[in-house]
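K.L.:
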Amino acid sequence: MFESPRETQFSKGKSSTMTLPPISQSADKSTICTRLGINDRVHKLLLKEAEAARDALSRNPYSLTEQSRTDPSVAEPYRWDEISETAKHSHVLMVVRSASDETRKCYELGRYQTQVNEENWVARWYLWHSFRYR
Numbered sequence: 001m002f003e004s005p006r007e008t009q010f011s012k013g014k015s016s017t018m019t020l021p022p023i024s025q026s027a028d029k030s031t032i033c034t035r036l037g038i039n040d041r042v043h044k045l046l047l048k049e050a051e052a053a054r055d056a057l058s059r060n061p062y063s064l065t066e067q068s069r070t071d072p073s074v075a076e077p078y079r080w081d082e083i084s085e086t087a088k089h090s091h092v093l094m095v096v097r098s099a100s101d102e103t104r105k106c107y108e109l110g111r112y113q114t115q116v117n118e119e120n121w122v123a124r125w126y127l128w129h130s131f132r133y134r
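For the sequence shown, the UniProt record's numbering assigns the number 1 to the initial residue and increments by one for each residue that follows.
#1: Could you round the C-beta distance between A53 and H91 to whole angstroms and report it? I think they count as a contact, below 8 Å.
#2: Taking contact to mean at least 3 C-beta pairs separated by less than 8 Å, is the stretch 119-132 in contact with the stretch 70-81?
#3: With burial defined as no fewer than 16 other Cβ atoms inside 10 Å of the residue's Cβ, what is the status of R97: buried or exposed?
#4: Verify whether the separation of the beta carbon atoms of T65 and I38 is less than 8 Å.
#5: Just reading off the alpha helix (DSSP H) that E108 is part of, what are its end residues?
#6: Anyone know if the C-beta pair for A123 and G110 falls short of 8 Å?
#7: Pick out whichever of V95, R104, Y112 and S30 has its Cα sitting closest to the Cα of E51.
#8: According to DSSP, is I38 helix, strand or coil?
#9: How big is the Cα-Cα spacing for R104 and Q113?
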């Protein structure tokens, strides 16, 4: 299942810490699998969890930005850039909280706390990719 990721402590000032430093949101599958030390089966489980959040965001008009809400051309399923950061953040945390036993460790590797919010770059990466490749 897990292929021993490089567990390091990453610190960005005093305001946030995480177990592994984030990768670019546009990084490819092999990059995230290597960073997390996971195989293809676990990668697919993470993607499946993100797809459930994507589907919820894509059909809820309350997830839209103000600009998207007032644009008559915006229709379901909503795109990533039409959804508010607040809604994205909420669903990232929902993915983490509802993680399966097999995926929870991956999300723990991407968890960090800012002065204001809990964040998770792993869940956000998978959510973004679920929108990108639907």
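Glycine included, each C-beta is placed from N, C-alpha and C at the ideal position.
P.N.:
On the basis of the coordinates in this document:
#1: Here residue 53 is taken as the residue at index 53 of the sequence shown, counted from 1. Here residue 91 is taken as the residue at index 91 of the sequence shown, counted from 1. With a Cβ gap of about 4 Å, A53 and H91 count as contacting.
#2: Because the criterion of three Cβ pairs below 8 Å is met, the stretch 119-132 and the stretch 70-81 touch.
#3: As a working note, residue 97 is residue 97 in the sequence shown. A residue is called buried when at least 16 other Cβ atoms come within 10 angstroms of its Cβ; R97 does not meet this threshold and is exposed.
#4: Within the sequence shown, the letter at position 65 stands for residue 65. Within the sequence shown, the letter at position 38 stands for residue 38. At a Cβ-Cβ threshold of 8 Å, T65 and I38 do not count as neighbours.
#5: Within the sequence shown, residue 108 is the residue found at index 108, counting from 1. Going by DSSP, E108 is part of the alpha helix (DSSP H) stretching over R104 to L109.
#6: In the sequence shown, the residue the question calls residue 123 occupies position 123. In the sequence shown, the residue the question calls residue 110 occupies position 110. Closer than 8 Å, so yes.
#7: By one-based count along the sequence shown, residue 51 stands at place 51. It is V95.
#8: To locate residue 38, count along the sequence shown from 1; it is residue 38. If DSSP states are grouped into helix, strand and coil, I38 belongs with the strands.
#9: Reading the sequence shown from its first residue, position 104 is the one you call residue 104. Reading the sequence shown from its first residue, position 113 is the one you call residue 113. Taking the straight line joining both Cα atoms gives about 17 Å.
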